[in-house]
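The sequence shown begins at 22 in our numbering and counts up one residue at a time. Comments concern the structure below.
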Amino acid sequence: MAAIEIDHVTKMYRRHGHSRRYATLKSALLTGSLAKDLRPEESFRALNDVSVTIRKGASYGVIGRNGSGKSTLLKLVAGITKPTTGAVRVDGRVSALIELGAGFHPEISGRENVFINGIMLGLSRREITRRFDEIVEFAEMEAFIDAPVKTYSSGMYMRLGFAVAINVDPDILLVDEVLAVGDEGFSLKCLDKFAEFKRRGKTILLVTHGLSMVERFCDEALWIEAGENRIVGDPKRVVQMYLSDVELAEDLLLASQDAKAQQAPVSAPPEPVVPA
Numbered sequence: 022m023a024a025i026e027i028d029h030v031t032k033m034y035r036r037h038g039h040s041r042r043y044a045t046l047k048s049a050l051l052t053g054s055l056a057k058d059l060r061p062e063e064s065f066r067a068l069n070d071v072s073v074t075i076r077k078g079a080s081y082g083v084i085g086r087n088g089s090g091k092s093t094l095l096k097l098v099a100g101i102t103k104p105t106t107g108a109v110r111v112d113g114r115v116s117a118l119i120e121l122g123a124g125f126h127p128e129i130s131g132r133e134n135v136f137i138n139g140i141m142l143g144l145s146r147r148e149i150t151r152r153f154d155e156i157v158e159f160a161e162m163e164a165f166i167d168a169p170v171k172t173y174s175s176g177m178y179m180r181l182g183f184a185v186a187i188n189v190d191p192d193i194l195l196v197d198e199v200l201a202v203g204d205e206g207f208s209l210k211c212l213d214k215f216a217e218f219k220r221r222g223k224t225i226l227l228v229t230h231g232l233s234m235v236e237r238f239c240d241e242a243l244w245i246e247a248g249e250n251r252i253v254g255d256p257k258r259v260v261q262m263y264l265s266d267v268e269l270a271e272d273l274l275l276a277s278q279d280a281k282a283q284q285a286p287v288s289a290p291p292e293p294v295v296p297a
């Protein structure tokens with residue numbers, strides 16, 4: 022039975038060029054070209070006709086180069102954005118570890134933000150109260166939970182966001198490169214939490230550059246290249262094919278650079294200066 026179905030999904034974005042600068046709004050309106058200047062110049066496909074089915078209880082890894090569409094895929098499943106064409110179907114409660122702490126308000130305390138974020142993620146106030154101590158302990162924030170969030174370091178901010186999201190107890194967990202949220206000890210604690218989720222039959226969709234983690238942790242893997250499915254299947258096989266492609270691309274780049282260097286004209290040595 023499927024937890025996530027991504028059915029022939031294409032996602033288009035509009036790319037805006039550099040708009041003309043105006044000294045004032047009045048001058049912009051008087052020229053009569055403001056709407057034209059703000060009009061997007063072109064569109065591009067972040068994803069192109071992608072289809073994936075993820076069964077319930079599976080741990081699924083998504084790999085690919087930067088800008089290949091991995092995070093866009095996760096945002097579609099999370100409902101943060103909608104597909105241009107195609108359909109995304111999700112069966113179960115979702116928690117997305119994508120932009121950790123994105124809803125935190127810097128002027129109020131960590132305690133208040135935990136309640137606000139928990140409600141945003143679908144918990145009742147009673148559920149948050151019951152899980153509050155566990156959230157704070159997991160984030161290692163006992164001494165700082167009543168301080169304003171604006172006084173937190175980036176690591177503290179991200180740890181608290183992770184702790185809130187992980188304690189929603191979802192059916193489906195979406196993870197986007199969040200293991201950089203703290204030191205090695207905290208990262209290991211995150212991995213233990215993922216392993217616990219897997220033992221409990223939760224569905225995990227993981228976007229990462231940590232290829233060894235995909236090989237060890239995931240049941241299946243998807244390689245996305247330039248917004249398209251390149252290959253789906255056994256994680257070790259997918260990772261090895263991806264690494265071979267990356268190595269080939271690097272070899273071609275080096276060969277191209279060497280060829281250009283050999284074609285570059287050699288400067289003549291400077292003429293010796295004859296003393297007067």
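Glycine included, each C-beta is placed from N, C-alpha and C at the ideal position. Since this is a predicted model, take the numbers as computed values, not measurements.
Limits of the alpha helix (DSSP H) - the one that residue i falls within
i: R110; result: Counting along the chain, R110 falls outside any alpha helix (DSSP H), though it belongs to the beta strand (DSSP E) covering 106-111.
i: S130; result: Unbroken run through S130: none, as it is neither H nor E.
i: A280; result: 256-284
i: R237; result: 232-238
i: S92; result: 91-99
Rounded straight-line distance, which links the Cα of residue j to that of residue i
i: M22; j: R76; result: 6 Å
i: K91; j: P286; result: 42 Å
i: T150; j: E63; result: 48 Å
i: I193; j: K223; result: 6 Å
i: T95; j: L243; result: A small correction: the amino acid at residue 95 is Leu; Thr does not occupy that position in the sequence shown. For L95 and L243, the distance between alpha carbons rounds to 12 Å.
i: N69; j: V98; result: 15 Å
i: H225; j: A282; result: Sequence inspection shows Ile at residue 225; the His mentioned does not correspond to that position. Roughly 47 Å separates the two Cα atoms.
i: A276; j: L269; result: 11 Å
i: S265; j: R86; result: 13 Å
i: F136; j: L118; result: 17 Å
i: S130; j: S72; result: 42 Å
i: T106; j: I166; result: 43 Å
i: E158; j: G254; result: 38 Å
i: N250; j: V109; result: 16 Å
i: C211; j: D28; result: 31 Å
i: L209; j: M234; result: 12 Å
i: T102; j: D279; result: 43 Å
7 Å Cβ shell around residue i - same chain, five flanking residues per side excluded
i: E236; result: P256, K257, V260
i: Y263; result: I84, W244
i: A216; result: none
i: I252; result: W244, V259, M262
i: N134; result: F125, H126, V170
Environment of residue i [buried if 16+ CB atoms lie within 10 Å]
i: E155; result: exposed
i: E241; result: buried
i: D197; result: buried
i: A186; result: buried
i: T229; result: buried
Cβ shell of residue i (< 8 Å), same chain only, five flanking positions each side left out
i: A67; result: K32, M33, Y34, G90, T93, G248
i: L189; result: Reading the sequence as shown, one finds Val at residue 189 and not Leu. Around V189: R114, S116, G139, L142, G143, L144.
i: V267; result: R86
i: A164; result: none
Cutoff 7 Å: residue i Cβ touching any chain C Cβ
i: V228; result: Going by chain labels, chain C is absent from the structure shown, which holds only one protein chain.
Span of the beta strand (DSSP E) around residue i
i: A24; result: 23-36
i: T224; result: 224-228
Same chain, Cβ closer than 6 Å to residue i, neighbours up to 5 away in sequence not counted
i: A160; result: R180, L181, A184
Kindly provide the ranges of any alpha helix (DSSP H) runs that are 4 or more residues long and lie completely inside the region 147-213, ordered along the chain. 175-187
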